[in-house]
Amino acid sequence: MSRDSDLAIRARGLRKVFSGKVAVRNLTLDVPRGEVFGFLGPNGAGKSTSVKMLLGLIFPTGGKAEILGRPVGDVKTRSKVGFLPEHFRFYDWLTAAELLKLHGRLYGMPHAMLRERVPSLLDLVGLTPHRDKHLRDFSKGMLQRIGLAQALLNEPDLIFLDEPTSGLDPFGRRLVRDIIKAQRERGATVLLNSHLLGEVEITCDRVAFIKDGEVVETRQLNTENKEQTTVSIRVNVSLEVVNGLSQWTSAVRYEGERLTLTLSSSALLPEIVRYLVAKGADVYEVTPQRLSLEERFLEIVGSDGGL
Amino acid sequence: MGIWIMAGVTFREAARKKILWMALAAGGAFLILFGTGLHFQAKDFTAHGMSPVLRREISFAMLTMGLYAVDLLAVLMTILTSVDTLSGEIASGTIQAVATKPVPRWQVLAGKWLGFVAMLTAYIAIMVFGVNAVTYVMAGVTARHLVRGFLLMWMESLVLLSVTFAFGTYFSTLTSGVLALGLHGLAFLGGWIEQFGALTQTQRAVNVGVIASVLMPSEALWRRAAFEMQSPLANAMRISPFSTLSVPSMAMVFYAALYLAIALLVAIRRFSQRDL
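Residue numbers (my numbering), protein chains in the order written: chain P, 347 to 653; chain D, -19 to 256.
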């Protein structure tokens, strides 16, 4: 097996121009198998176009890409890929169960397998009571749920989720998170397109910031203790005590009763709290604040981003 | 195989369209009206002691008129039911969930096409054989070459279906519909110009009609169908508006088959290469 086939997605200089307008400038990306990867960017950054190019729905103007070690557009590879479009819709006269059966057959799944798989997926997305309801009677959130089930039918190795939580209530969002987690545990690769930062932060291993159709930065997430941490401490202390904190960090701010420290590692935190208590300070609250994705997002995208 | 799954779901989708049921209801009403007319006519003819030959010819003319109405209904049905299937599903994104499945795009399109063919075949068969059944019961007359006529009308519908599909891979629903209907309108007008040209022996007018048939052979297929179905006397005496002062040749029928195949290939090619 070549090294590249360990990659679920490999894109090199993908470019898409729609009648003179550049939608994706230069998408170069490696996503190893088994990773949950997030695409973050403002509206119109080219996230959906990028996903559609990787799925073979949109033909790139330039560059090339492979998914699961095969060139994009390879028909056979698609049997190992799942896709939830941004706004899932289908013939509204089908029932939930019929829709899943139809898509299962399009995946080439045998009837016997579908007889097991369809009920378990309906159960997974919480639509078992609605299995015989027609899609025309579905709410937006229910459509999104059945779309999600459809994307998981074939137990795909690679799953593209384009704004999966749009239209979902908090329970639905929780469901999407749990499903992504389960897929990761199964060893599947997930590419999550989202503009919801919190969601990406919770679910993804790595995230790419996309602006003007380009990856501006990729960033590892879920790496606590390795990364800088900002801590906010509500405490009543003298200025000398504050100055004494310089042995751990130079980034100290004290305003009102709030002390804000930036530490090279959160492992230093207990030591600092012990120091403060030993100096007779009353500590009311210690809140670690990882440099939020949102701040970084706004930094990268700029104040005009997404508008 | 993907193509048959697509054909099945498209047939069900097409068969669910209100317009189909409206058209069938309209067709049913038309058959009743047609039958009632024939019934009273037959009674009158007997009362007046009309010669059997003339009675037969008039019944044949009525049959041709009935089939002409069916032909117009079939043309409209073909275009109106199928015009949205590609452009509409591309615009709404419905096609995305299908086009990312392990089914080649040509099979998605060909499957859709077959689904519509099945639906239109059933519709045209019901209407053509229905009209013939009514004239047979009321006046003892059926088309001279019923199967040939049916196949030609069926082929006309398939030509229009393929052209509508080809437009649908390039343009929006509205534009595709206007183009397909417009092209058929051109053929329709060309057909009449050709008839009148032949009547007045104006070769240039006949040529205009032939050119229109080359651009869109749908109407030429109907005229050939009328020629095959109406009475030999009407054809010879030129007493029917569809006779056959200028009958489209078998070469035109072969040309129409080629035209159909090319339109379908254009649709497949474009659908396989376009962004969805």
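Just so you know, even glycine gets a beta-carbon here, dropped at the ideal spot from N, CA and C.
Taking only beta-carbon positions, decide if residue i is within less than 7 Å of chain D.
{"i": "Ile404(P)", "result": "yes"}
{"i": "Gly652(P)", "result": "In this prediction, Gly652(P) has a pLDDT of 45, which is less than 50 and means its spatial position is unreliable; what the coordinates show is noted afterwards. No, because no Cβ of chain D sits closer than 7 Å to the Cβ of Gly652(P)."}
{"i": "Ser425(P)", "result": "yes"}
{"i": "Phe429(P)", "result": "yes"}
{"i": "Arg491(P)", "result": "no"}
Taking 7 Å as the CB-CB cut-off, is residue i touching chain P?
{"i": "Ala98(D)", "result": "no"}
{"i": "Arg249(D)", "result": "no"}
{"i": "Gln87(D)", "result": "no"}
{"i": "Asp255(D)", "result": "yes"}
{"i": "Arg(-4)(D)", "result": "yes"}
{"i": "Val108(D)", "result": "no"}
So with CB distances below 9 Å, who are the chain D contacts of residue i?
{"i": "Gln529(P)", "result": "Chain D residues near Gln529(P): none, gap ~17 Å exceeds 9 Å."}
{"i": "Gln635(P)", "result": "Correct list: empty, because the minimum Cβ distance to chain D is about 39 Å."}
{"i": "Gln496(P)", "result": "Ala77"}
At 7 Å on the CB atoms, spell out the chain D contacts of residue i, in chain order.
{"i": "Lys422(P)", "result": "Pro82"}
{"i": "Leu401(P)", "result": "Thr80"}
{"i": "Gly454(P)", "result": "Pro82"}
Give the residues of chain P in contact with residue i, contact being defined as C-beta atoms less than 9 Å apart.
{"i": "Glu(-7)(D)", "result": "Tyr437, Trp439"}
{"i": "Gly(-18)(D)", "result": "Arg451, Leu452, Gly454"}
{"i": "Ala90(D)", "result": "Near Ala90(D) there are no residues of chain P at all, since even the closest Cβ is about 14 Å away, more than 9 Å."}
Which residues in the same chain as residue i place their Cβ atom closer than 6 Å to its Cβ, once the five residues preceding and following it in sequence are excluded?
{"i": "Met99(D)", "result": "Phe(-9), Ala(-6), Ala(-5)"}
{"i": "Val562(P)", "result": "Phe555, Ile646"}
{"i": "Val227(D)", "result": "Phe207"}
{"i": "Gly46(D)", "result": "Phe14, Val111"}
{"i": "Arg565(P)", "result": "Val553"}
{"i": "Ile75(D)", "result": "Glu69, Leu256"}
{"i": "Leu313(D)", "result": "Lying before the first or after the last residue shown, residue 313(D) is absent from chain D, which here runs from -19 to 256."}
{"i": "Phe130(D)", "result": "Val108"}
{"i": "Glu641(P)", "result": "none"}
Can you name the residues of chain P whose CB is closer than 8 Å to the CB of residue i?
{"i": "Ser72(D)", "result": "Arg435"}
{"i": "Gly157(D)", "result": "Correct list: empty, because the minimum Cβ distance to chain P is about 21 Å."}
{"i": "Val(-11)(D)", "result": "Tyr437, Leu448"}
Name the chain D residues whose beta carbon is nearer than 8 Å to that of residue i?
{"i": "Arg451(P)", "result": "Ile(-15)"}
Ignore the nearest five residues each way along the sequence and tell me which others in residue i's own chain have a CB closer than 7 Å to its CB.
{"i": "Thr608(P)", "result": "Gln574, Thr576, Thr595, Ala597"}
{"i": "Arg361(P)", "result": "Val370, Arg371, Asn372, Pro406, Thr407, Gly408, Gly409"}
{"i": "Gly513(P)", "result": "Lys486, Gly487, Gln490"}
{"i": "Val382(P)", "result": "Ile526, Arg530, Val536, Leu538, Thr549, Cys550, Asp551"}
{"i": "Tyr235(D)", "result": "Pro197"}
Once you ignore the five residues that flank residue i on each side, which residues in its own chain have a CB closer than 8 Å to its CB?
{"i": "Pro212(D)", "result": "Arg124"}
{"i": "Ala22(D)", "result": "Arg35, Ser39, Met118, Ala119"}
{"i": "Ile(-1)(D)", "result": "Met57, Leu60, Thr61"}
{"i": "Ala192(D)", "result": "Leu166, Ala167, Leu169, Gly170, Gly171, Ile173, Glu174, Glu199"}
{"i": "Val55(D)", "result": "Glu136, Ser137, Leu140, His164, Ser198"}
- Decide yes or no for the touch test of the stretch 587 to 594 of chain P against the stretch 537 to 552 of chain P: beta carbon pairs closer than 8 Å, at least 3 of them. By the C-beta criterion, the stretch 587 to 594 of chain P is judged not to be in contact with the stretch 537 to 552 of chain P, since fewer than 3 inter-stretch pairs fall below 8 Å.
- Could you list the residues in the stretch 589 to 618 of chain P with a C-beta less than 7 Å from some C-beta on chain D, going in chain order? Result list empty, no residue passes.
- Touch check for the stretch 611 to 631 of chain P and the stretch 572 to 588 of chain P: three-plus C-beta pairs under 8 Å? The stretch 611 to 631 of chain P, when compared against the stretch 572 to 588 of chain P, does touch it at the 8 Å Cβ threshold.
- Item | Any 3 or more C-beta pairs closer than 8 Å across the stretch 468 to 485 of chain P and the stretch 108 to 116 of chain D | The stretch 468 to 485 of chain P, when compared against the stretch 108 to 116 of chain D, does not touch it at the 8 Å Cβ threshold.
- Would you be able to state if there are at least three C-beta pairs under 8 Å between the stretch 49 to 68 of chain D and the stretch 126 to 146 of chain D? Using a C-beta cut-off of 8 Å, the stretch 126 to 146 of chain D makes contact with the stretch 49 to 68 of chain D, since at least three inter-stretch Cβ pairs fall below that distance.
- Query: Between the stretch 193 to 212 of chain D and the stretch 155 to 168 of chain D, are three or more C-beta pairs nearer than 8 Å?
  - Reply: Under the 8 Å Cβ criterion, the stretch 193 to 212 of chain D counts as touching the stretch 155 to 168 of chain D, having at least three qualifying pairs.
- Would you be able to state if there are at least three C-beta pairs under 8 Å between the stretch 496 to 507 of chain P and the stretch 519 to 535 of chain P? These segments touch.
- Specify whether the stretch 448 to 457 of chain P and the stretch 72 to 91 of chain D touch according to this definition: at least 3 beta carbon pairs, one from each stretch, less than 8 Å apart. Between the stretch 448 to 457 of chain P and the stretch 72 to 91 of chain D there are three or more C-beta pairs closer than 8 Å, enough to call the two in contact.
- Message: Closer than 8 Å is the cut-off here; do at least three beta carbon pairs connect the stretch 126 to 137 of chain D with the stretch 25 to 34 of chain D?
- Response: Flag = no, the stretch 126 to 137 of chain D and the stretch 25 to 34 of chain D do not touch.
- Task: Check whether the stretch 247 to 256 of chain D touches the stretch 142 to 159 of chain D, counting contact only when three or more Cβ pairs, one atom from each stretch, lie closer than 8 Å.
- Result: Contact holds: three or more Cβ-Cβ distances are below 8 Å.
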